[in-house]
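Just so it is clear: in the sequence shown, position 63 is 89 by our numbering, and no numbers are missing.
For each residue, glycine too, the CB sits at the ideal point set by N, CA and C.
Small disclaimer: the values here were computed from a predicted structure and weren't measured.
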Amino acid sequence: MTDTGESNSLRNSVNNSSHNQSNHNTKSNHNHKEPNFIVKFFREVFGYRKTSLSLFVILTAVIAISLSYYENSLDYSINLPDNIFEKDLLDKSWLDLEIISKNEHPYASIANDEVHDYIKSEVQRVTKGINYVTIDANTTKFLNHTYFESKEVFYFESNNILVKVKGKNPSLPGYLLSAHYDSVPTSFGVTDDGMGIASLLGVLRYISSQKQPERTIVFNFNNDEEFGLYGAAAFVEHPWFNDVKYFLNLEGTGAGGKAILFRGTDYGIVKYFNQVRYPYATSIFQQGFNNGYIHSETDYKIYHEAGLRGLDLAFFKPRDIYHTSLDNIKNVQIKSLWHMLSNSIDFTKFISNENIDDSGDSESAIYFSSFNSFFSLPSSRLFTINIILLLLFPIVNGILIFTALKYRNLELTAGSFLFVPVSLFVTALIVSFITNQIFKSINPLLPSSSPYLLVSTISSFSILIFYFFSNLSSYNTYGNYNDFKLICIIEVSFIYWLLLVFSVVNGFVSDKSKDHTGEIGLTVLFFLETITSFLGLLAWALSSRKKIESTEEGEDEPLLNGNLEERYSSDENEDSDEQDTSSQIKQVFQSYSYDWSLQYLLTVPLSFFIIYNSGWLLIEGVNKTIQESLSGEETVYFILQAVAIALIVPMIPFIQKFNRIIIFLVLITSLIGSFIISIKEPFNEENPMKLRFTQVLDKNQTYVNVYGRQGHVKETLKSLPSVQQSNFKISCSKLVDGNEVCTYETNLHPNIKPTRSSQDYLDVIVKNTTKSKAFGINFDEIKIIAPKNRQCNIEFSGTEVKAIILKNSSKEIPPFKKLPDGFSEDKNYYYKDVHGINKLYLNKLNYDSNYDLGLYWIPSIDDETNVLDIKVDCFWADLSPVSYEGEVKSAIPAYDELLHYTPNHISIANRDRGLVLVSKKVKVKSS
Numbered sequence: 027m028t029d030t031g032e033s034n035s036l037r038n039s040v041n042n043s044s045h046n047q048s049n050h051n052t053k054s055n056h057n058h059k060e061p062n063f064i065v066k067f068f069r070e071v072f073g074y075r076k077t078s079l080s081l082f083v084i085l086t087a088v089i090a091i092s093l094s095y096y097e098n099s100l101d102y103s104i105n106l107p108d109n110i111f112e113k114d115l116l117d118k119s120w121l122d123l124e125i126i127s128k129n130e131h132p133y134a135s136i137a138n139d140e141v142h143d144y145i146k147s148e149v150q151r152v153t154k155g156i157n158y159v160t161i162d163a164n165t166t167k168f169l170n171h172t173y174f175e176s177k178e179v180f181y182f183e184s185n186n187i188l189v190k191v192k193g194k195n196p197s198l199p200g201y202l203l204s205a206h207y208d209s210v211p212t213s214f215g216v217t218d219d220g221m222g223i224a225s226l227l228g229v230l231r232y233i234s235s236q237k238q239p240e241r242t243i244v245f246n247f248n249n250d251e252e253f254g255l256y257g258a259a260a261f262v263e264h265p266w267f268n269d270v271k272y273f274l275n276l277e278g279t280g281a282g283g284k285a286i287l288f289r290g291t292d293y294g295i296v297k298y299f300n301q302v303r304y305p306y307a308t309s310i311f312q313q314g315f316n317n318g319y320i321h322s323e324t325d326y327k328i329y330h331e332a333g334l335r336g337l338d339l340a341f342f343k344p345r346d347i348y349h350t351s352l353d354n355i356k357n358v359q360i361k362s363l364w365h366m367l368s369n370s371i372d373f374t375k376f377i378s379n380e381n382i383d384d385s386g387d388s389e390s391a392i393y394f395s396s397f398n399s400f401f402s403l404p405s406s407r408l409f410t411i412n413i414i415l416l417l418l419f420p421i422v423n424g425i426l427i428f429t430a431l432k433y434r435n436l437e438l439t440a441g442s443f444l445f446v447p448v449s450l451f452v453t454a455l456i457v458s459f460i461t462n463q464i465f466k467s468i469n470p471l472l473p474s475s476s477p478y479l480l481v482s483t484i485s486s487f488s489i490l491i492f493y494f495f496s497n498l499s500s501y502n503t504y505g506n507y508n509d510f511k512l513i514c515i516i517e518v519s520f521i522y523w524l525l526l527v528f529s530v531v532n533g534f535v536s537d538k539s540k541d542h543t544g545e546i547g548l549t550v551l552f553f554l555e556t557i558t559s560f561l562g563l564l565a566w567a568l569s570s571r572k573k574i575e576s577t578e579e580g581e582d583e584p585l586l587n588g589n590l591e592e593r594y595s596s597d598e599n600e601d602s603d604e605q606d607t608s609s610q611i612k613q614v615f616q617s618y619s620y621d622w623s624l625q626y627l628l629t630v631p632l633s634f635f636i637i638y639n640s641g642w643l644l645i646e647g648v649n650k651t652i653q654e655s656l657s658g659e660e661t662v663y664f665i666l667q668a669v670a671i672a673l674i675v676p677m678i679p680f681i682q683k684f685n686r687i688i689i690f691l692v693l694i695t696s697l698i699g700s701f702i703i704s705i706k707e708p709f710n711e712e713n714p715m716k717l718r719f720t721q722v723l724d725k726n727q728t729y730v731n732v733y734g735r736q737g738h739v740k741e742t743l744k745s746l747p748s749v750q751q752s753n754f755k756i757s758c759s760k761l762v763d764g765n766e767v768c769t770y771e772t773n774l775h776p777n778i779k780p781t782r783s784s785q786d787y788l789d790v791i792v793k794n795t796t797k798s799k800a801f802g803i804n805f806d807e808i809k810i811i812a813p814k815n816r817q818c819n820i821e822f823s824g825t826e827v828k829a830i831i832l833k834n835s836s837k838e839i840p841p842f843k844k845l846p847d848g849f850s851e852d853k854n855y856y857y858k859d860v861h862g863i864n865k866l867y868l869n870k871l872n873y874d875s876n877y878d879l880g881l882y883w884i885p886s887i888d889d890e891t892n893v894l895d896i897k898v899d900c901f902w903a904d905l906s907p908v909s910y911e912g913e914v915k916s917a918i919p920a921y922d923e924l925l926h927y928t929p930n931h932i933s934i935a936n937r938d939r940g941l942v943l944v945s946k947k948v949k950v951k952s953s
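Structure representation (structure tokens):
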């Protein structure tokens, strides 16, 4: 350590040097003159100073967040058409959307018939006079097993509208475009799936205006997707299904924004999404679907399982107005429609006229979009890239680390070595405690409306913890050649390496059923961090061997080491106007290498953008599921914490040099954020809480059941006029997974029929018509009388049903042993499954016809339990006003009351297939 005498001597030497420079006009004087403005500016901005680094960090956050906003924004990244033809297409499709979404139009409603008739008339008008176009709008009926549980069967009467545009080249396999025109009972169905239907009509108008396509195109305007994907299943049974190989399904699982490429069956078809003008895609959601984290389904599932290859294009946010009356024409933009329509036109134009290279048809696709550019690769290629990275960089960097440690004086201290793992572990623990034990206990459902408030607050706490540990760990004495940044970069890359190993092993080796196609960002993060550590270590290895004293003689550091830059930077002087002797000594030996900026630019900006943008997509896709269940709540909070900490990880090597003003602002952000979290309401008009409605008729009484998260339902119902004016009490019962149902009796009876008796809504008659002795199988007939009804569920218990018949004629019923397995028909419709049938879903188009069923069931050996228990649930979903004796009434006034009197931060959705439920139980005994 330099003593006082040495310091004075050095000071005198410096002063003498300055004096000589002022009095002698020599070449030496010229060489040591003050640097010009440009050099000063460059040194001030790019020198490893706290102010410089803080400026870089602020710019990184602002630019990355702005770019992500632009990338995901409908307003800035999509342009409306500028040519007359496309403007006309969009205008007509928007008019289609307005007409389709005029009323709620579920399968079981009159409005659904009106939408069907409108689509049919438009299809006929658009294709009139085109001799290579065929329309099939005939009603079909069939029984089949469901695509969800093997012991569930459905009966469906389909009125899909199919259009075949015959291609010029019959050797080319056809292409299917599909969307569904039904809505749920509580929604106008603008984005789910009115925009899909309007886009199909727009594509049909485009195709009809062009030359005959090379490839056959089939349009499926299908019905009853919402409660079983029945319209798509009906098409699989249609003869035209055999004409197609590829498909594009248009859907809405959210209510606005941009339409994203949700899923693709394989790389061979996904790669052609690069033909669309506004690609918007991420395989993150594909991974979520394939791994079962996203529970809702689309028609894509039916087509994919039936062997077709194609894409699922859908709206995905916001979920809180999805399936509610807020999914209406006022809450969407015409740009949303244009985004889906233009991409559908572009993809169809390419697929219908070009040869398809089927290479990669057996591989899942990894894909993403960036600023209207689309990138994709097969899973095998990503696997190869990952393996190369996982093997190559640890070996190369390991050799360089050994060389630097043994021969080049790169010294490891306990603090620098343990900083990253210890601080990351402690940060995760503290953040988990703050989030789960404080924030979640105070305001558990806040992520539904304010997820980014939580992310910014959690990130602020993370920065403070990392900052504390970095300053504790990176303290260096004069002469220590420890490159704290480089060691941190190496350790961060090792963390990414471990995550990538887990992804590769779990996704490609040990459990191939798991999908990891959404994790390509992890590969990029690992590459960025590792290439930076490689370059830094390479600089150490290639530099001449140094001693501390050689540095004192003025030798330069290697380009990517930055040791002197870190230890002798002028940032220590930013917080004080006076400089002590040691500071002056540091200035004498200060290095003007700017390797830190290269390290920063290689790792932080792109890494931060990838993490932020991926996190934004994840949060936007899942944050509303916090309303659905306790497990959903756990998932959302885990994602918020993971994203918040991940945002800080790329900055860990540089966090010790954050300016005190930045740290102060971060501290203020964490405190203010915590305060707002504690008082902010979790729901508002833009982000409402979703409650689910069912009205139950029981004899001459009627009850309303409202479902939601525990503790959030009863207070909403207390303000309803019918509740306040009556003596009826609201009773709430806990359900599984953090939900509850609150029930109240009401005088607001449904007006679907001019009666209050549930018997007039539903009657079940059991008749022992015949009995088959073969194999001990009983046969009984059941007649379900449910006026103005299209949908019922039947559940069997007590003993097993082996076959079902839907009777359409009085033709003699065949014995059980003559029925083939699966579906068959002879004017009546049969479905046989020797493994048993537990549930039957009935869907019919005629409002006034009865359900006439025959059941083949096997009696139990035990006479006491030799009973077939049958529960029949029938649903009514039509909200069209009814007229009795000249008076027009609301069909379901209890539902209308909820819509009218609940606060703006509440939205109402259906609980089941309908809004009104009537149930009846019957027993069938063996005789």
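Residues that residue i bridges to, as DSSP identifies them
i: Leu-203; result: Phe-245, Leu-274
i: Thr-308; result: Phe-394
i: Trp-902; result: Val-942
i: Ser-235; result: For Ser-235, which the question treats as bridged, DSSP gives no partner whatsoever.
i: Gln-817; result: Asn-869, Phe-901
i: Asn-98; result: BP columns for Asn-98 are empty, so no partner.
i: Lys-191; result: What sits at residue 191 in the sequence shown is Val, not Lys. The partner list for Val-191 (beta bridge, DSSP) reads Val-159, Ile-243.
i: His-171; result: Val-179
i: Tyr-882; result: Phe-805, Ala-829
Residues near residue i in its chain [Cβ-Cβ closer than 8 Å; skip 5 each side]
i: Trp-364; result: Ile-104, Leu-106, Pro-107, Leu-116
i: Glu-555; result: Ile-515, Val-518, Ser-519, Tyr-522, Thr-629, Ser-633, Pro-676
i: Glu-766; result: Tyr-733, Gly-734, Arg-735, Gln-736, Gly-737, Val-739, Cys-758, Ser-759, Lys-760
For residue j and residue i, believed in contact at Cβ under 8 Å, the rounded distance
i: Ile-377; j: Tyr-304; result: So it is not a contact: roughly 17 Å between Cβ atoms.
i: Leu-100; j: Ser-362; result: 6 Å
i: Val-216; j: Asp-353; result: 5 Å
i: Asp-806; j: Leu-881; result: 5 Å
Cβ-based neighbour list, residue i, same chain, cut-off 7 Å, excluding 5 preceding and 5 following
i: Val-229; result: Leu-203, Ser-370, Ile-371, Thr-374
i: Ser-745; result: Tyr-927
i: Ala-440; result: none
i: Phe-397; result: Glu-97
i: Thr-476; result: The residue asked about is misnamed: residue 476 is Ser in this sequence, not Thr. Around Ser-476: Lys-706.
Top-ranked residue by Cα proximity to residue i, from the options
i: Val-790; options: Val-944, Ala-224, Thr-769; result: Val-944
i: Ala-281; options: Gln-817, Asn-357, Pro-447; result: Asn-357
i: Pro-211; options: Ile-918, Lys-949, Glu-923, Asn-713; result: Ile-918
i: Thr-742; options: Asp-847, Asn-930, Lys-167; result: Asn-930
i: Gly-290; options: Thr-279, Val-302, Gln-301, Asn-275; result: Asn-275
i: Pro-196; options: Lys-271, Thr-165, Leu-697; result: Lys-271
i: Ala-567; options: Thr-461, Ile-427, Tyr-787, Asn-639; result: Ile-427
i: Asp-874; options: Ala-812, Lys-915, Glu-911, Pro-840; result: Ala-812
i: Val-244; options: Gly-155, Ser-499, Gly-314, Ile-161; result: Ile-161
i: Asp-325; options: Trp-120, Asn-246, Ala-285; result: Asn-246
i: Thr-279; options: Phe-311, Asp-269, Lys-343; result: Lys-343
i: Ile-484; options: Leu-472, Ala-668, Pro-679, Asn-753; result: Ala-668
i: Leu-666; options: Ser-482, Leu-525, Tyr-173, Leu-121; result: Ser-482
Proximal residues to residue i (C-beta, below 6 Å), its chain only, five neighbours per side dropped
i: Ile-89; result: none
i: Val-259; result: Reading the sequence as shown, one finds Ala at residue 259 and not Val. Counting only Cβ-Cβ distances below 6 Å, and skipping sequence neighbours, we find Ile-328.
i: His-542; result: Ser-529, Gly-533
i: Ser-309; result: Ile-392, Tyr-393, Thr-543, Gly-544
Residue-level contact to chain D via CB, residue i, 9 Å cutoff
i: Ile-110; result: Among the chains of the structure shown, chain D does not appear; only one protein chain is present.
*Just list the beta strand (DSSP E) runs in the stretch 678-753, keeping only unbroken ones of 3 residues or longer that don't cross its boundaries, in chain order.*
List check, beta strand (DSSP E) in window: 715-724, 727-735.
*Could I get the ranges of all uninterrupted alpha helix (DSSP H) runs contained in the stretch 342-416, with 4 residues as the minimum, in chain order?*
Within the stretch 342-416, the complete alpha helix (DSSP H) runs of at least 4 residues are 360-379.
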